[in-house]
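Beneath this line is the structure, given in structure tokens, with notes to follow.
Number of protein chains: 2
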Amino acid sequence: MDSEDLGRFEFRPLYRQVRDKLIRQLADGVWAPGDILPSEVHLAAELGVSQGTIRKALDVLASEKMVVRRQGRGTFVASHDEEHGMFQFFKVVPDAGPRTIPRCVVNSITRHRATPEERDLLHLTDASYVMRIARVRWMLHRPVIYETISVPALLFPGLADMNLPDNIYGFYAAKFSVSVARSQERLKAVAAGAREAGELNVAVGHPLLAMRRLAYSVDNVPVETRLSFCLTDGVHYLAEH
Amino acid sequence: MDSEDLGRFEFRPLYRQVRDKLIRQLADGVWAPGDILPSEVHLAAELGVSQGTIRKALDVLASEKMVVRRQGRGTFVASHDEEHGMFQFFKVVPDAGPRTIPRCVVNSITRHRATPEERDLLHLTDASYVMRIARVRWMLHRPVIYETISVPALLFPGLADMNLPDNIYGFYAAKFSVSVARSQERLKAVAAGAREAGELNVAVGHPLLAMRRLAYSVDNVPVETRLSFCLTDGVHYLAEH
DNA sequence: TAGTGGTCTAGACCACGCA
DNA sequence: GCGTGGTCTAGACCACTAG
Numbered sequence: 001m002d003s004e005d006l007g008r009f010e011f012r013p014l015y016r017q018v019r020d021k022l023i024r025q026l027a028d029g030v031w032a033p034g035d036i037l038p039s040e041v042h043l044a045a046e047l048g049v050s051q052g053t054i055r056k057a058l059d060v061l062a063s064e065k066m067v068v069r070r071q072g073r074g075t076f077v078a079s080h081d082e083e084h085g086m087f088q089f090f091k092v093v094p095d096a097g098p099r100t101i102p103r104c105v106v107n108s109i110t111r112h113r114a115t116p117e118e119r120d121l122l123h124l125t126d127a128s129y130v131m132r133i134a135r136v137r138w139m140l141h142r143p144v145i146y147e148t149i150s151v152p153a154l155l156f157p158g159l160a161d162m163n164l165p166d167n168i169y170g171f172y173a174a175k176f177s178v179s180v181a182r183s184q185e186r187l188k189a190v191a192a193g194a195r196e197a198g199e200l201n202v203a204v205g206h207p208l209l210a211m212r213r214l215a216y217s218v219d220n221v222p223v224e225t226r227l228s229f230c231l232t233d234g235v236h237y238l239a240e241h
Numbered sequence: 001m002d003s004e005d006l007g008r009f010e011f012r013p014l015y016r017q018v019r020d021k022l023i024r025q026l027a028d029g030v031w032a033p034g035d036i037l038p039s040e041v042h043l044a045a046e047l048g049v050s051q052g053t054i055r056k057a058l059d060v061l062a063s064e065k066m067v068v069r070r071q072g073r074g075t076f077v078a079s080h081d082e083e084h085g086m087f088q089f090f091k092v093v094p095d096a097g098p099r100t101i102p103r104c105v106v107n108s109i110t111r112h113r114a115t116p117e118e119r120d121l122l123h124l125t126d127a128s129y130v131m132r133i134a135r136v137r138w139m140l141h142r143p144v145i146y147e148t149i150s151v152p153a154l155l156f157p158g159l160a161d162m163n164l165p166d167n168i169y170g171f172y173a174a175k176f177s178v179s180v181a182r183s184q185e186r187l188k189a190v191a192a193g194a195r196e197a198g199e200l201n202v203a204v205g206h207p208l209l210a211m212r213r214l215a216y217s218v219d220n221v222p223v224e225t226r227l228s229f230c231l232t233d234g235v236h237y238l239a240e241h
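Residue numbers (the UniProt record's numbering), protein chains in the order written: chain R, 1 to 241; chain F, 1 to 241.
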């Protein structure tokens with residue numbers, strides 16, 4: 001494959017280069033979610049490397065949840081509409097019973113200058129704008145989460161006039177070619193303020209789980225931050241390490 | 001290596017068998033944490049498989065955080081005293097500044113019949129006993145976490161008379177050959193009760209982060225559960241997905 | 001039966017750490 | 001310079017899926 005020069009100063013293993021090339025093509029939408037990729041043998045011939053190298057690159061992508069390998073069938077682009085992808089980032093689950101997809105009610109989608117915190121988290125400049133989505137998520141027939149989502153306005157043109165589905169990361173990928181790959185959440189227990197209390201129908205001062213999330217794209221660029229307030233009544237946050 | 005029979009009915013890849021054999025030896029304390037393992041070439045010769053198979057087994061163990069591989073030096077038993085292991089399960093970090101190891105003050109170590117919840121979580125029978133450790137953890141010169149740890153009494157003989165270090169999982173491994181491999185935590189925001197308020201020096205009703213942890217050994221057996229109450233004031237719970 | 005990914009091997013060379 | 005793990009290759013055979 002293309003040696004990309006600079007071999008001397010910037011050593012990247014072959015399988016890494018293959019992985020990066022495939023990531024780029026995945027992000028560019030060369031294959032749609034759920035699509036089958038060319039077979040290992042085919043890719044090896046096409047890129048001029050051995051099957052073992054392709055295999056290692058695909059193994060890495062599989063461990064990163066970008067593709068799914070199925071013995072005897074082929075390698076497929078991970079579809080984030082699947083149940084698996086749906087719950088990769090959403091960790092709030094009922095205390096009893098199966099995981100459910102929360103229903104979302106959007107309060108507003110507005111455009112603002114980024115606050116200092118948003119600029120810091122999203123790596124924006126002073127003049128940048130963000131889109132803010134305020135919404136309430138329902139589970140078990142109750143309002144459970146009130147949250148404000150901020151994204152760089154430049155990355156999401158026309159967002160304000162769109163209808164948001166419940167699975168917003170699938171929507172980002174489909175409409176804006178923004179693929180969320182990983183996220184980081186910082187949790188605190190706080191007392192409900194007037195706004196949160198009203199939206200979640202509890203008394204001011206009621207304990208809420210505050211979650212500050214920062215989501216990164218496949219290119220490792222921060223693309224979304226959100227501040228969520230969760231009423232952990234009949235539900236909890238599930239973390240596994 | 002030993003084929004362990006049954007090849008027909010229970011197919012396990014060679015590298016899996018190697019990994020399992022090494023896991024068993026690690027759990028048995030054949031090598032101490034921090035020790036260097038035999039080299040790939042040596043292990044391959046010893047077990048009668050190719051170096052590639054050993055490599056794959058070690059790669060799996062590395063991904064499971066059981067060993068640490070260092071190019072040019074060797075493969076080492078993961079030492080849970082290291083910073084890395086220390087913070088694998090402890091997700092409470094200061095809002096600003098570096099991660100710190102919390103200091104622990106043990107209130108009591110007592111023996112009780114297991115409650116129904118403990119029996120359920122730890123897979124115990126009606127007649128089982130548990131040891132309970134109540135302690136307070138300090139960070140930033142303040143009491144931050146009040147928690148009660150429960151472990152099966154049978155697995156931890158003599159625990160009541162021992163001094164507990166700050167890093168309790170390293171202690172489990174060293175004294176009782178119990179190696180914690182993974183854990184699950186369920187988080188809620190709750191109002192402080194009288195006990196928690198007293199221990200953490202806050203008002204009754206103050207919002208606290210309640211964490212119910214269940215820890216599993218390398219054999220996938222639940223070996224510890226704990227209920228922790230955290231005052232998220234200057235600290236937060238960090239989750240990455 | 002054909003084609004896919006999964007396992008296993010053997011051997012070559014590279015990057016790293018250390019004496 | 002030597003031994004370690006890391007990368008890359010080529011080829012064999014196995015297990016699974018689909019037509």
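Using N, Cα and C, we set each Cβ at its ideal position, and we do this for glycine too.
{"Item": "In whole angstroms, give me the CA-to-CA distance for R/Ala-189 and R/His-123.", "Value": "27 angstroms"}
{"Item": "Taking a contact to mean a Cβ-Cβ separation below 7 angstroms, would you say R/Pro-207 touches F/Ala-239 in this structure?", "Value": "no"}
{"Item": "Any C-beta of chain F within less than 7 angstroms: which residues of the region 172–202 of chain R qualify?", "Value": "Arg-182, Ser-183, Gln-184, Glu-185, Arg-186, Leu-187, Lys-188, Ala-189, Val-190, Ala-191"}
{"Item": "Rounded to whole angstroms, how far is the Cβ of F/Arg-99 from the Cβ of F/Val-105, which I believe are closer than 8 angstroms?", "Value": "Incorrect: roughly 20 angstroms between the Cβ atoms, too far for contact."}
{"Item": "How long is the line joining the alpha carbons of R/Ile-133 and R/Pro-33, rounded to whole angstroms?", "Value": "26 angstroms"}
{"Item": "Does the beta carbon of F/Phe-76 come closer than 7 angstroms to any beta carbon on chain R?", "Value": "no"}
{"Item": "Strictly under 7 angstroms for the Cβ-Cβ distance: is R/Gly-7 near chain F by that measure?", "Value": "Low local confidence applies: a pLDDT of 34 at R/Gly-7 is under 50, so the model's placement there is unreliable, with the coordinate-based value given in what follows. So no, R/Gly-7 is outside the interface."}
{"Item": "Looking only at its own chain, which residues have a Cβ that is under 7 angstroms from the Cβ of F/Ala-197, when we skip the five neighbours before and after it?", "Value": "Ala-203, Val-204, His-206"}
{"Item": "Excluding the 5 residues preceding and the 5 following R/Lys-65 in the sequence, name in chain order all residues of the same chain whose CB lies nearer than 6 angstroms to its CB.", "Value": "Ala-78"}
{"Item": "Just curious, the alpha helix (DSSP H) that R/Lys-56 is in, first and last residue?", "Value": "51–63"}
{"Item": "The alpha helix (DSSP H) that contains R/Lys-175, what's its start and end?", "Value": "168–176"}
{"Item": "For the region 151–168 of chain R against the region 126–140 of chain R, are there 3 or more C-beta pairs whose distance is under 8 angstroms?", "Value": "yes"}
{"Item": "Express the C-alpha separation of F/Lys-21 and F/Asp-5 in angstroms, rounding to a whole number.", "Value": "Because F/Asp-5 sits at a pLDDT of 38, beneath the cut-off of 50, its placement in the model cannot be relied upon, and the following sentence gives the value as read from the coordinates. Going by the C-alpha atoms only, they are around 15 angstroms apart."}
{"Item": "Taking 8 angstroms as the limit between beta carbons, can you name the residues of its chain near R/Ala-44, skipping five residues before and five after?", "Value": "Ser-50, Gln-51, Thr-53, Ile-54"}
{"Item": "Under a CB-based cut-off of 7 angstroms, is R/Pro-207 close to chain F?", "Value": "yes"}
{"Item": "Against chain R, with Cβ distances strictly below 7 angstroms, would F/Glu-40 count as a contact?", "Value": "no"}
{"Item": "Listing by chain order, which chain R residues have their CB less than 7 angstroms from the CB of F/Phe-11?", "Value": "Residues of chain R passing the Cβ test: none, with the nearest at roughly 13 angstroms."}
{"Item": "Note down, in chain order, each residue of its chain lying with its Cβ closer than 6 angstroms to the Cβ of R/Ile-145, except the 5 sequence neighbours on either side.", "Value": "Arg-137, Ser-228, Cys-230"}
{"Item": "For F/Glu-117, count neighbouring C-beta atoms within 10 Å of its own C-beta (all shown protein chains included) and say buried if the count is 16 or more, exposed if not.", "Value": "exposed"}
{"Item": "Which residues, in chain order, does the region 127–153 of chain F contribute to contact with chain R at a C-beta distance below 7 angstroms?", "Value": "none"}
{"Item": "Given 8 angstroms as the limit, is there contact between the region 11–27 of chain F and the region 57–73 of chain F, that is, 3 or more CB pairs closer than that?", "Value": "yes"}
{"Item": "What three-state label does DSSP hand R/Glu-74 in the structure shown?", "Value": "As written in the sequence, residue 74 of chain R is Gly, which differs from the Glu given in the question. In the structure shown, R/Gly-74 sits in a strand (DSSP, three-state: E or B)."}
{"Item": "What does DSSP give as the partner residue(s) for F/Val-180 in the beta ladder?", "Value": "F/Ser-217"}
{"Item": "What does the alpha-carbon distance come out to for the pair F/Arg-213 and F/Glu-199?", "Value": "20 angstroms"}
{"Item": "Residues bridged to F/Leu-238 by DSSP?", "Value": "R/Arg-186"}
{"Item": "For F/His-141, tell me which candidate among F/Ala-210, F/Arg-113, F/Val-235, F/Ser-179 has the shortest Cα-Cα distance.", "Value": "F/Val-235"}
{"Item": "Give the C-beta separation of R/Ser-39 and R/Gly-74 to the nearest angstrom, bearing in mind that I take them to be a contact with Cβ-Cβ under 8 angstroms.", "Value": "6 angstroms"}
{"Item": "Under a three-way DSSP split, which group does F/Leu-231 fall into?", "Value": "coil"}
{"Item": "What did DSSP end up calling F/Leu-209 once you bin it into helix, strand or coil?", "Value": "strand"}
{"Item": "What residue does the alpha helix (DSSP H) around R/Leu-42 start on, and which one ends it?", "Value": "Rather than Leu, the amino acid found at residue 42 of chain R in this sequence is His. Run containing R/His-42: 40–47, per the alpha helix (DSSP H) assignment."}
{"Item": "Suppose the cutoff is 7 angstroms on Cβ atoms and the five residues either side in sequence are ignored; what does the same chain contact list for R/Phe-176 look like?", "Value": "Leu-155, Phe-156"}
{"Item": "So with CB distances below 9 angstroms, who are the chain F contacts of R/Gln-88?", "Value": "His-241"}
{"Item": "Going along chain R, which residues have a C-beta under 9 angstroms from F/Leu-238?", "Value": "Gln-184, Glu-185, Arg-186, Leu-187"}
{"Item": "Can you tell me whether R/Ile-145 is helix, strand or coil according to DSSP?", "Value": "strand"}
{"Item": "Looking at the strands, I want to know which residues DSSP matches up with F/Arg-99.", "Value": "Answer by DSSP bridge pairing: none, since F/Arg-99 is not bridged."}
{"Item": "According to DSSP, is R/Ala-160 part of a helix, a strand, or is it coil?", "Value": "helix"}
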